[in-house]
Amino acid sequence: MNLELAMLAASCALCLVQIVVASHASSLQRGYRWTASARDGEVPRLTGVAGRLERALRNFLETFPVFVAAVLVVHMLGREGELSAWGSVLYFVGRLAYVPLYAAGIPLVRSLAWNVALVGIVFLLIAAVWT
């Protein structure tokens with residue numbers, strides 16, 4: 000498996016971890032009875048760490064499909080190289096750093112981590128069309 004696909008697999012694992020962590024944080028705040036219910040009624044907005052973890056997950060899910068597509072395009076076109084390798088690593092490392100930074104409520108550095116991940120996607124897209 001090449002590095003780009005390995006980073007895609009690692010990002011899939013990160014997604015699953017974020018889903019589980021955000022879900023448990025939500026359950027701790029709302030109660031496990033709510034978690035086991037049909038969840039038909041109005042639910043108050045999550046606050047604190049649980050809210051930040053939910054927003055971090057939502058943010059991950061906004062960028063992840065673009066990352067997946069970019070990695071697959073690079074792979075299908077056989078355009079793997081230094082630029083795409085850097086792109087995939089930057090995306091994964093940026094997203095990995097983003098979660099604890101957001102959960103801890105650390106501004107600015109969290110935005111820097113988000114931008115690192117975005118640059119990673121841009122590198123992959125450039126590799127797909129330019130190398």
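0 is the number of the first residue of the sequence shown in numbering that gives the first Met the number 0; add one for each residue after it.
All C-beta atoms, glycine included, are put in the ideal place defined by N, C-alpha and C.
Rounded straight-line distance, which links the Cα of residue j to that of residue i
i	j	result
A24	P43	14 Å
L82	T62	19 Å
A112	A21	19 Å
G104	S110	11 Å
F65	G40	Strictly speaking, residue 65 in this sequence is Val, with Phe absent from that position. Rounded to whole angstroms, V65 to G40 spans 33 Å at the Cα level.
R29	G47	12 Å
N114	W85	14 Å
A96	A37	34 Å
L100	C11	19 Å
M6	A69	12 Å
C14	L45	20 Å
E3	V19	25 Å
L27	L124	40 Å
L107	A116	14 Å
N1	A8	11 Å
A49	L60	17 Å
W129	G80	11 Å
Expected contact under 8 Å - CB spacing of residue i and residue j to nearest Å
i	j	result
A35	R78	With 8 Å as the limit, A35 and R78 do not qualify as a contact, their Cβ atoms being about 47 Å apart.
V98	Q17	6 Å
Any C-beta of chain D under 7 Å from that of residue i
i	result
L117	Note that chain D does not occur in the displayed structure, where there is just one protein chain.
Short Cβ contact (7 Å threshold) for residue i with residue j
i	j	result
R32	A102	no
Take every Cβ of the region 71-78, pair it with every Cβ of the region 44-60, and state whether three or more of those distances are shorter than 8 Å. no
Counting Cβ pairs closer than 8 Å, one from the region 85-95 and one from the region 112-120, do we hit at least three? yes
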